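Just below is one structure, and these are the notes that go with it.
Chains as they are written, first to last, in the numbering used here: chain W, 28 to 196; chain S, 25 to 166.
Okay, structure coming up:
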């Protein structure tokens with residue numbers, strides 16, 4: 028989360044859908060976010076150095092140029108690659124695919140959420156992203172407590188060892 | 025009598041002046057576009073989204089015709105899937121339903137639903153006409 032602004036990648040082969048999603052999230056999210064759009068999984072992977080907090084990805088990817096027969100990786104393959112390279116990124120699959128097997132595969136591979144692309148999916152996504160970012164903001168505080176407790180525990184054990192060794196001598 | 029029931033007089037006037045005939049000639053004003061979706065767009069978004077939609081959809085429909093000719097039903101399914109998604113964004117409900125039917129047919133039966141494809145082309149032509157009337161979006165730009 029660079030500069031306290033969450034980074035959100037939107038990955039879909041449909042430029043129009045990307046534009047609509049980006050417009051909707053920019054207008055409706057309760058916080059400022061850097062929203063970047065990519066039309067293929069390959070493009071998304073090439074920009075992972077930006078360390079996105081959330082990646083929203085489609086299932087099917089077809090080349091925008093109909094004369095280009097190059098096969099693009101699908102959303103499930105992309106999830107696999109993202110899990111290896113960016114394990115802390117929250118992955119959301121957003122697809123018109125209603126086959127439950129695809130949703131199962133996506134979750135199994137490492138997606139945290141699966142949203143069916145329908146007319147009001149941008150609104151659903153807006154609330155989901157809001158909740159994810161809210162949870163992330165509060166998670167580090169919990170971690171500070173955890174590490175603090177461990178440090179106190181270690182100090183306590185060292186003190187006892189010191190006292191015991193002092194008593195023996 | 026008409027002064028006591030003004031709504032009836034109004035209805036009568038509409039029939040008399042032929043406004044209904046004029047409305048009937050409009051290309052499916054109420055069912056082509058999902059008003060709830062479109063009303064969420066700003067004017068600038070309407071222009072941007074529909075310009076992009078018309079440009080992309082015309083390319084996809086031409087490619088679908090080629091797929092049908094070449095009997096490439098996997099490619100047809102993939103393009104119909106893409107058109108379904110784009111149509112959903114702009115609230116083009118009938119286009120979305122037809123694209124979805126073509127996608128399903130290609131997926132399940134490995135065949136082209138020619139009848140639905142012809143309907144899709146007709147609906148696209150009507151949508152172009154509707155967008156020209158409502159928003160002055162001109163398809164001839166492409």
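Glycine residues also receive a C-beta, built at the ideal position from the N, C-alpha and C atoms.
Fair warning: this is a prediction, and the values are worked out from it, not measured in the lab.
Q) Going along the chain, which residues of its own chain have a beta-carbon closer than 8 Å to the beta-carbon of residue 72(W), five neighbours each way excluded? A) Leaving aside the five residues that flank residue 72(W) on each side, the residues in its chain whose CB is nearer than 8 Å to its CB run, in chain order, 105, 108, 109, 112.
Q. How far does the alpha helix (DSSP H) with residue 101(S) in it reach, from first residue to last?
A. That run of the alpha helix (DSSP H) goes 97–114.
Q: Take residue 48(W) and list the residues in its own chain whose beta-carbon comes closer than 6 Å to its own, dropping the five residues that flank it on each side.
A: The answer, listed in chain order, is 37, 149.
(Q) Going by DSSP in three states, residue 185(W) sits in which element: helix, strand or coil? (A) Residue 185(W): helix per DSSP, three-state reduction.
Q.
I'd like to know if the segment 104–114 of chain S and the segment 79–91 of chain S are in contact, where contact means that at least 3 CB-CB pairs between them fall below 8 Å.
A. Because the criterion of three Cβ pairs below 8 Å is met, the segment 104–114 of chain S and the segment 79–91 of chain S touch.
Q) By the criterion of Cβ-Cβ separation under 7 Å, what are the contact partners of residue 69(W) in chain S? A) Chain S residues near residue 69(W): none, gap ~18 Å exceeds 7 Å.
**Q.** chain W contacts made by the segment 92–113 of chain S, where a contact means CB separation under 7 Å
**A.** If the cut-off is 7 Å between Cβ atoms, the segment 92–113 of chain S has 102, 105, 106, 108, 109, 110, 112, 113 near chain W.
Q. Excluding the five sequence neighbours on either side, which residues of its own chain have a C-beta within less than 7 Å of the C-beta of residue 134(S), listed in chain order?
A. Hits under 7 Å: 97.
(Q) Is there a Cβ of chain W sitting closer than 7 Å to that of residue 76(S), yes or no? (A) Cβ-Cβ to chain W under 7 Å: yes for residue 76(S).
Q. By DSSP, does residue 132(W) sit in helix, in strand, or in coil?
A. It is helical.
Q. Can you list the residues of chain W that residue 61(S) reaches, using a CB-CB cut of under 8 Å?
A. What residue 61(S) touches in chain W: 146.
Q) Could you give the distance in angstroms between the alpha-carbon of residue 141(W) and the alpha-carbon of residue 191(W)? A) Approximately 56 Å between the Cα atoms of the pair.
Q. Listing by chain order, which chain W residues have their CB less than 8 Å from the CB of residue 170(S)?
A. A question about residue 170(S) goes unanswered here, because the residues of chain S that appear run from 25 up to 166.
(Q) Does the CB of residue 123(W) have a neighbour CB from chain S at under 7 Å? (A) So yes, residue 123(W) belongs to the interface.
Q) What did DSSP end up calling residue 61(W) once you bin it into helix, strand or coil? A) In this structure, residue 61(W) counts as strand in the three-state DSSP scheme.
Q: Quick one: list the residues of chain W neighbouring residue 69(S), beta-carbon separation under 7 Å, in chain order.
A: For residue 69(S), the neighbours in chain W by C-beta distance under 7 Å run, in chain order, 50.
Q. Where does residue 147(W) sit, in a helix, a strand or coil, going by DSSP?
A. Coil, per DSSP.
Q: Kindly indicate which three-state DSSP category residue 55(S) falls into: helix, strand or coil?
A: Three-state result, residue 55(S): coil.
Q: Leaving aside the five residues before and after residue 147(S) along the sequence, list all residues of the same chain whose C-beta is less than 7 Å from its C-beta, in chain order.
A: Counting only Cβ-Cβ distances below 7 Å, and skipping sequence neighbours, we find 118, 119, 122.
Q. What residues of chain W sit near residue 58(S), judged by a beta carbon separation below 8 Å?
A. By Cβ distance, chain W contributes 146.
Q: Might you give, ordered along the chain, the residues of its own chain that have their beta carbon closer than 7 Å to the beta carbon of residue 157(W), omitting 5 neighbours on each side?
A: Cβ-Cβ distances below 7 Å link residue 157(W) to 56, 57 in the same chain, with the five nearest sequence neighbours on each side left out; the list follows chain order.
Q: Taking residue 56(W) as part of the alpha helix (DSSP H), name the residues at either end of that continuous run.
A: Residue 56(W) -> no alpha helix (DSSP H), and no H or E assigned at all.
Q.
Give me the residue from 82(W), 194(W), 152(W) with the minimum Cα distance to residue 68(W).
A. Nearest to residue 68(W) by alpha-carbon distance, out of 82(W), 194(W), 152(W), is 82(W).
Q.
Give me, in chain order, the residues of the same chain whose beta-carbon lies closer than 6 Å to that of residue 35(W); leave out the 5 immediate sequence neighbours on both sides.
A. Closer than 6 Å at Cβ, skipping near neighbours: 60, 62, 81.
Q: Just the chain W side, please: which residues come within less than 9 Å of residue 80(S) by C-beta, in chain order?
A: Counting only Cβ-Cβ distances below 9 Å, residue 80(S) has contacts in chain W at 41, 42, 43, 91, in chain order.
(Q) Give me the residue from 41(W), 189(W), 85(W), 176(W) with the minimum Cα distance to residue 129(W). (A) A check of alpha carbon separations from residue 129(W) across 41(W), 189(W), 85(W), 176(W) identifies 85(W) as the nearest.
Q. For residue 86(W), does the three-state DSSP call read helix, strand or coil?
A. Three-state DSSP puts residue 86(W) in coil, outside helix and strand.
**Q.** residue 74(S): first and last residue of the uninterrupted alpha helix (DSSP H) it sits in
**A.** Residues 67–94.
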